[in-house]
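Q: In this note's numbering, the protein residues as written are 11 to 169.
We put the CB at the ideal spot given by N, CA and C, even for glycine.
As the structure is a computational prediction, the values presented were derived from the model and not from experiment.
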Amino acid sequence: MTLEPRPFLGRLHPLRLDRQPLPLFLDRRGFSLREDLLPQADPVFEGWYGDRLWVLLRRILPLWTHRMGVRPRSVSVKPLRSRWGSCGIHGDLSFSSSLARVAPDLVEYVAVHELAHLVHRNHRREFWDLVASCLPDLPERRARLRDPSFLPPRRERGR
Numbered sequence: 011m012t013l014e015p016r017p018f019l020g021r022l023h024p025l026r027l028d029r030q031p032l033p034l035f036l037d038r039r040g041f042s043l044r045e046d047l048l049p050q051a052d053p054v055f056e057g058w059y060g061d062r063l064w065v066l067l068r069r070i071l072p073l074w075t076h077r078m079g080v081r082p083r084s085v086s087v088k089p090l091r092s093r094w095g096s097c098g099i100h101g102d103l104s105f106s107s108s109l110a111r112v113a114p115d116l117v118e119y120v121a122v123h124e125l126a127h128l129v130h131r132n133h134r135r136e137f138w139d140l141v142a143s144c145l146p147d148l149p150e151r152r153a154r155l156r157d158p159s160f161l162p163p164r165r166e167r168g169r
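#1: Residues in its own chain within less than 7 angstroms of LEU140 by CB, not counting five upstream and five downstream?
#2: According to the Cβ coordinates, are PRO89 and GLU56 closer than 7 angstroms?
#3: Contact check, VAL120 vs LEU66 under 8 angstroms by CB: the rounded distance?
#4: Span of the alpha helix (DSSP H) holding ARG62?
#5: What does the alpha-carbon distance come out to for the pair PHE170 and TRP64?
#6: Span of the alpha helix (DSSP H) holding LEU13?
#7: Taking all protein chains shown into account, decide if ALA153 is buried (16 or more other Cβ within 10 angstroms of its Cβ) or exposed.
#8: Are the Cβ atoms of LEU47 and PRO33 separated by less than 7 angstroms?
#9: Less than 7 angstroms between the C-beta atoms of TYR59 and SER96, yes or no?
#10: Per DSSP, which one or two residues make a beta bridge with CYS97?
#11: Less than 7 angstroms separating the beta-carbons of ARG69 and THR75?
#12: Counting contacts by CB-CB distance shorter than 7 angstroms, is LEU27 in contact with chain C?
#13: Quick one: using the 10 Å Cβ neighbour count with 16 as the cut-off for buried, is ARG83 buried or exposed?
#14: Assuming LEU36 contacts ARG26 under a Cβ cut-off of 8 angstroms, what Cβ separation, rounded to an integer in Å, is found between them?
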């Protein structure tokens, strides 16, 4: 059976089925999914991605909240349907578990983007000036984030 490679942190990794106690793990050979979980592979991956994204966000967010002088009320990771992240009206940040598919510098861009919404609630010039002051390579990161190979599966993105 041919299994599609899966992305993680900007790289595609082969996927194999295995008889193992863990539902899913990644090693130097690629992803290993417990064979009885193949029918539930997508939810298993989303949970795994969410756990790994938390690890990365715990390193990124303290740095940028300090540099930008902002503090979100809460932070969550969940399978968002149509975006990489969002900032609620009360300062609650949400990040898509699918964000773990892209390179770490793109996760950083999404984090800075959402934190900038704590200062500017819109996408006007002041907002983009703030993001660009934090990330001088902003245009390149934005373009890379649009790479369709790392977009959430169609069922997640909605219509």
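A: Well, looking at it:
#1: Excluding sequence neighbours, LEU140 sits near ALA126, VAL129 and HIS130.
#2: Contact flag set, yes.
#3: About 11 angstroms separates the two Cβ atoms, so there is no contact after all.
#4: Note, ARG62: alpha helix (DSSP H), 51 to 78.
#5: Since the first residue shown for the chain is 11 and the last is 169, residue 170 is missing from the structure and cannot be characterised.
#6: LEU13 -> no alpha helix (DSSP H), and no H or E assigned at all.
#7: The residue is exposed, with fewer than 16 neighbouring Cβ atoms inside 10 Å.
#8: A contact, by the Cβ cut-off of 7 angstroms.
#9: no
#10: Paired residue(s): LEU103.
#11: no
#12: Among the chains in the structure shown there is no chain C, since it carries only a single protein chain.
#13: exposed
#14: With a Cβ gap of about 11 angstroms, LEU36 and ARG26 do not count as contacting.
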